[in-house]
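Going down the list, the protein sequences come from chains A and P. Position one of the first sequence corresponds to residue 7 (my numbering), numbered consecutively onward. Position one of the second sequence corresponds to residue 13 (my numbering), numbered consecutively onward. A virtual CB, placed ideally from N, CA and C, is assigned to each residue, including glycine.
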Amino acid sequence: MSAPTTDEAYRRTLYGKIWDRHVVLQEPGLPAILYADVHLVHEGTFLQAFELLRERNLNVRRHPLTVSTTDHFVPSRRDLRFQDPATMPYVVKSLMDTAEEFGMTLYGPNDRRQGIVHVIGPELGLTQPGMVLVCADSHTSTHGAMGTLAFGIGTTEIAHTVATQTLLQRRQKTMRVTVDGRLAPGVFSKDVALALMAEYGTAFGRGHVIEFAGPAVRAMSIEARMSLCNMSIEMGSRSGLVAPDEVTFDYLHGREFAPAGEDWDRAVEYWSALPSEPDAVFDTELAIDASTVAPMITYGTSPGMAVGIDGTVPDPADLADEEAAALTTALEYMGLRPGTRLAGKKVDTVFIGSCTNSRIEDLRAAATVLRGRSVAAGTALKIVPGSQEVKRMAEAEGLAEVFVQAGAQWGEPSCSLCVAVNGDVGGSGEYIASTSNRNFQSRQGPGARTLLMSPMTAAATAVQGSVADPRPFVTSA
Amino acid sequence: MDKIRAFSSTLIPMLIANVDTDQIIPAQFVSSRTTEEFAHALFRNRRDRDPEFILDQPAMQGRSIILAGPNFGCGSSREAAPWALVAGGIRAVISTGFGDIFNNNSLKNGLLPIVVSETEHERLRSVAAADPDVEVTVDLPGNTLSVPAHGITIELRIDPFYRHLLISGMDELDYLLSHVAEIEQYEAGDAIHPTTRAKLAGR
Ligand code: SF4
């Protein structure tokens, strides 16, 4: 179904309600001036934006709404992390200088609040339902799990937001993806995201804001919802959303920047009115049955090139022109032949981390597999927690101990091998089982070959040394 | 920014689906500074791995319009992707669809993301295959893409606001700054998120 909704219809959706309350000005035919409640900045994309601000003699308009951190370029190796600032990566140092110059809040490399920008926003309680949150990073969609309209912006838009706390946007179309049924043990929201793209491709969300709904989404924890919303950008959509509910409020309560006292009550009242009305109409509707989703694994260089763990690599001969050409190029790059079974495929490195899957629940899932077991000979396992807070929790719960005992490297919070710009980099031709979100060519290092999967599948793969089904490791608790 | 006028070029056929921004400019090059550095970074990993890559073929030198496969510019939000394309002499990319953020970033940097229908794309593909040196004209003020030699004229579907900015050489920041009064009003009004109101009040 795909028919344009009326203004009245979109107003009854979660997206429409948030949008309407953030429009500062809508001149006929022009994009809206949209207000941003939170602007997160990181060292990967900020540089030219602040040059533009200096050129125009502009400052940070709203300090309490602007927070920066370092995640992309900071080393995950402890011995490199606490070095002399003079030898830090240029952009990290430059963000530190810029933050000082502009008086901007910064959680620097060794700050107790530091972490991947999409991990710390919700964790600190900065990300709240009904807000508009922007960050010059495409995985800003992650924050949508909180019922926040969150989307990635470009570097020029950083300057717009810093200087005016607003940016120009056109309203998107609405899409609801209903996830029915229940996830089987050993299957996670990451698998749902990959299954959706295996089915519908990587552009189905384009021009839309996706609201994830249905019983399987309601049953997910906030962190699981984050992994799902995180991948909306891979589906072509800048924003994913999940309606706020008790799970959201419980998660937020007591967090550092969450409202307290009377402010909390007022906020809960506000948040409770946000969910889409039962009779809301969406421009596009899609559905998937969670109970049919298996642990997923990618074989190509686009996240939609994914199959269930028991599946085989498809044959370009079964596809039409450009799709076939893309698959042929992908398989050549991946060194995989059509018809190959993925389970049992040997991997060199396993990476558990990134803004998709580096939160405490992800680490707990990995630990259920790794407890009392060892990483296979010839395979390296690197686990990088998403934030200082996740790291502290994992250490306090004994998970870090489990990982180190199993033979894993335990890193300092950073993007690490997800984007390979902090010194962690995959070798050419190497197979990397990864819990990140992109298997693009050379994403994890020139010539490196990425297989995307959930943290539990990654842990099972590390133990076996080759792509492994996590389900046999699920302990019936 | 320079005002965009009509320009013509022969096509660079890059008919690959889902060309992501990590391919356009690998992450290790995003903090490049000079035009030369950005031009060097353009499709760097692909070019290093494949000396026959389309951009390095002698016949493609000096061309400024890419005829791309579907879903060009998907993936990372890096604005360095259009910077690298522009540094590499590219002025327009034609596809059946673009990554949303790439589309916006391009418009901010004078690179035209031209969306055509499947049928129009097919037509351009066959023309480019049969007549690789055919001239294509992009006329932003006139709002058309045309291949005069083959009698093709396609209307551009570029957001009229950005089209206006690109033709006039104005930028979005000027527009936003001209509405500071409305922004102040919004901040003091009822619609603002309760937490944001509290934060602005210093709570
Ligand atoms: S973890 Fe990866 S995807 Fe997430 S913000 Fe960092 S580089 Fe981007």
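*Does the distance from the C-beta atom of A/Pro-320 to that of A/Gly-121 stay below 9 Å?*
Residue numbering aside, residue 320 of chain A sits at position 314 when the first sequence is read from its first letter. Residue numbering aside, residue 121 of chain A sits at position 115 when the first sequence is read from its first letter. One thing to note: A/Pro-320 has its Cβ no nearer than 9 Å to the Cβ of A/Gly-121.
*Taking 8 Å as the line, does the beta carbon of A/Asp-143 fall inside it for any heavy atom of the ligand SF4?*
Locating residue 143 of chain A in the first sequence gives position 137, counting from the first residue. Correct: A/Asp-143 has its Cβ closer than 8 Å to the ligand SF4.
*Using Cβ-Cβ distances below 7 Å, what residues of the stretch 135 to 150 of chain A are close to chain D?*
The structure shown contains no chain D; its protein chains are A and P.
*For chain P, is any of its Cβ atoms less than 9 Å away from the one on A/Asp-368?*
As a working note, residue 368 of chain A is residue 362 in the first sequence. Under the 9 Å criterion on CB atoms, A/Asp-368 is classed as non-interfacial with respect to chain P.
*Closer than 9 Å at the beta carbon, the chain P residues around A/Arg-444*: Along the first sequence, read from residue 1 onward, the residue named residue 444 of chain A stands at position 438. Within chain P, the residues placing a beta-carbon under 9 Å from that of A/Arg-444 are Asp-32, Asp-34, Gly-87, Ser-88, ordered along the chain.
*Please classify A/Glu-217: does DSSP put it in a helix, a strand, or coil?*
Here residue 217 of chain A refers to the residue found at position 211 when the first sequence is read from its first residue. Strand.
_With 16 other Cβ atoms within 10 Å as the buried cut-off, status of P/His-205_ = The residue you call residue 205 of chain P lines up with position 193 of the second sequence. Here P/His-205 is buried, its C-beta having at least 16 other C-beta atoms within 10 Å.
*Residues bridged to A/His-45 (per DSSP)*: Within the first sequence, numbered from 1, the residue matching residue 45 of chain A stands at position 39. Looking at the DSSP assignment, A/His-45 forms a beta bridge with A/Thr-72, A/Val-140.
*Flag this pair as touching only if the stretch 104 to 123 of chain P and the stretch 154 to 171 of chain A have three or more C-beta atom pairs under 8 Å; answer yes or no.*
The stretch 104 to 123 of chain P is in contact with the stretch 154 to 171 of chain A.
*Report yes if the C-beta distance between A/Tyr-305 and A/Val-313 is below 9 Å; otherwise report no.*
On the first sequence, position 299 is the one that residue 305 of chain A refers to. On the first sequence, position 307 is the one that residue 313 of chain A refers to. Remark: C-beta atoms of A/Tyr-305 and A/Val-313 approach each other more closely than 9 Å.
*Nearest-angstrom Cα distance between A/Phe-157 and A/Ile-239?*
On the first sequence, residue 157 of chain A is found 151 positions in, with the first residue counted as 1. On the first sequence, residue 239 of chain A is found 233 positions in, with the first residue counted as 1. If you draw a straight line from the Cα of A/Phe-157 to the Cα of A/Ile-239, it comes to about 9 Å.
*Contact check, A/Thr-75 vs A/His-48 under 8 Å by CB: the rounded distance?*
The residue you call residue 75 of chain A lines up with position 69 of the first sequence. The residue you call residue 48 of chain A lines up with position 42 of the first sequence. With a Cβ gap of about 6 Å, A/Thr-75 and A/His-48 count as contacting.
*Between the stretch 88 to 103 of chain P and chain A, which residues of the former have a C-beta closer than 9 Å to a C-beta of the latter?*
Hits within the stretch, in order: Ser-88, Ser-89, Arg-90, Glu-91, Ala-92, Pro-94, Trp-95.
*Spatial neighbours of A/Ala-15 within its chain, please: CB distance less than 6 Å, with the 5 preceding and 5 following residues excluded, ordered by chain position.*
Position 9 of the first sequence, counting from 1, holds the residue named residue 15 of chain A. The residues are Val-287.
*For the alpha helix (DSSP H) that contains P/Pro-125, what are its first and last residues?*
By one-based count along the second sequence, residue 125 of chain P stands at place 113. Run containing P/Pro-125: none in the alpha helix (DSSP H); it sits in the beta strand (DSSP E), 124 to 127.
_Can you tell me which residues form a DSSP beta bridge with A/Lys-397?_
Numbered from its first residue, the first sequence carries residue 397 of chain A at position 391. A/Lys-397 pairs with nothing; no bridge assigned.
_Local conformation of A/Phe-157 per DSSP, three classes_ = Here residue 157 of chain A refers to the residue found at position 151 when the first sequence is read from its first residue. It is a strand residue.
*Please confirm whether A/Met-232 and A/Gly-211 have their CB atoms less than 9 Å apart.*
Translated into positions along the first sequence, residue 232 of chain A becomes position 226. Translated into positions along the first sequence, residue 211 of chain A becomes position 205. Contact flag unset, no.
*asked:* Taking CB distances under 9 Å as the criterion, tell me whether A/Arg-455 reaches chain P.
replied: Translated into the one-based positions of the first sequence, residue 455 of chain A becomes position 449. Any Cβ of chain P closer than 9 Å to the Cβ of A/Arg-455 would place that residue at the interface, and such an atom is absent.
*Just curious, the beta strand (DSSP E) that A/Leu-280 is in, first and last residue?*
Along the first sequence, read from residue 1 onward, the residue named residue 280 of chain A stands at position 274. Unbroken run through A/Leu-280: none, as it is neither H nor E.
_Heavy atom of the ligand SF4 within 8 Å of A/Ile-216 beta-carbon_ = The count along the first sequence starts at 1 and reaches residue 216 of chain A at position 210. With a cut-off of 8 Å, the C-beta of A/Ile-216 is classified as distant from the ligand SF4, since no heavy atom of the ligand falls inside that distance.
_Just list the residues that DSSP pairs A/Lys-388 with in beta bridges._
Within the first sequence, the letter at position 382 stands for residue 388 of chain A. A/Lys-388 has A/Phe-357, A/Gln-415 as its beta-bridge partners, per DSSP.
_Judging by CA-CA distance, which residue of A/Phe-409, A/Ala-414, A/Ile-438, A/Gln-450 is the nearest neighbour of A/Cys-424?_
Along the first sequence, one-based indexing puts residue 424 of chain A at 418. Check the Cα spacing between A/Cys-424 and each of A/Phe-409, A/Ala-414, A/Ile-438, A/Gln-450: the tightest is with A/Gln-450.
*Looking only at its own chain, which residues have a Cβ that is under 6 Å from the Cβ of A/Val-97, when we skip the five neighbours before and after it?*
In the first sequence, counting from the first residue as 1, residue 97 of chain A sits at position 91. Non-local C-beta neighbours of A/Val-97 in its own chain, meaning closer than 6 Å and more than five positions away in sequence, comprise Glu-49, Phe-79, ordered along the chain.
*Let me know the secondary structure DSSP gives A/Thr-111 once reduced to three states.*
Residue numbering aside, residue 111 of chain A sits at position 105 when the first sequence is read from its first letter. In the structure shown, A/Thr-111 sits in a strand (DSSP, three-state: E or B).
*Would you say A/His-48 reaches chain P, if we count a Cβ-Cβ gap shorter than 9 Å as a contact?*
The sequence position of residue 48 of chain A within the first sequence is 42, counting from 1. Taking Cβ atoms only, chain P never reaches closer than 9 Å to A/His-48, which makes this a no.
_For A/Ala-466 and A/Ala-483, the rounded distance between their alpha carbons_ = Here residue 483 of chain A refers to the residue found at position 477 of the first sequence. Here residue 466 of chain A refers to the residue found at position 460 of the first sequence. Because the pLDDT at A/Ala-483 is just 45, under 50, the model does not fix this residue reliably, and the value given afterwards should be weighed accordingly. Taken atom to atom, the span from the alpha-carbon of A/Ala-483 to that of A/Ala-466 is near 18 Å.
*Compute the Euclidean distance between the alpha carbons of A/Tyr-41 and A/Ala-382, then round it to the nearest angstrom.*
Within the first sequence, numbered from 1, the residue matching residue 41 of chain A stands at position 35. Within the first sequence, numbered from 1, the residue matching residue 382 of chain A stands at position 376. Approximately 51 Å between the Cα atoms of the pair.
*Is any heavy atom in the ligand SF4 found nearer than 8 Å to the beta carbon of A/Cys-424?*
As a first step, residue 424 of chain A is located in the first sequence; it is residue number 418 there, counting from the start. Yes, the ligand SF4 has a heavy atom inside 8 Å of this Cβ.
*Would you report the Cα separation of A/Thr-334 and A/Val-353, rounded to the nearest angstrom?*
For the purposes of this step, residue 334 of chain A is taken as residue 328 along the first sequence, with counting starting at 1. For the purposes of this step, residue 353 of chain A is taken as residue 347 along the first sequence, with counting starting at 1. The C-alpha of A/Val-353 is placed about 21 Å away from the C-alpha of A/Thr-334.
*asked:* In the DSSP output, what is A/Val-185 paired with across the bridge?
replied: In the first sequence, residue 185 of chain A corresponds to position 179, counting from 1. For A/Val-185, the beta-bridge partners assigned by DSSP are A/Ile-294.
*Can you grab the Cα-Cα spacing for the pair P/Ala-99 / A/Phe-108, in whole Å?*
Counted from its first residue, the second sequence places residue 99 of chain P at position 87. Counted from its first residue, the first sequence places residue 108 of chain A at position 102. Straight-line measurement puts the Cα of A/Phe-108 at about 30 Å from the Cα of P/Ala-99.
_I'd like to confirm something about A/Arg-444: is its beta-carbon nearer than 8 Å to some heavy atom of the ligand SF4, or not?_
Residue mapping note: residue 444 of chain A aligns to position 438 of the first sequence, counting from 1. A/Arg-444: yes, Cβ under 8 Å from the ligand SF4.
*Mapping DSSP to helix, strand and coil, what is P/Tyr-174?*
Counted from its first residue, the second sequence places residue 174 of chain P at position 162. Per DSSP, reduced to three states, the secondary structure at P/Tyr-174 is helical.
_Along the stretch 115 to 126 of chain P, where does the CB come closer than 8 Å to a CB of chain A? Name the residues._
Going along the stretch 115 to 126 of chain P in chain order, one finds Asn-116, Asn-117, Lys-120, Asn-121 with a Cβ nearer than 8 Å to chain A.
*asked:* Contact criterion: CB-CB distance below 9 Å. Does P/Ile-28 meet it with respect to chain A?
replied: Within the second sequence, numbered from 1, the residue matching residue 28 of chain P stands at position 16. Closer than 9 Å to some Cβ of chain A, the Cβ of P/Ile-28 qualifies, so yes.
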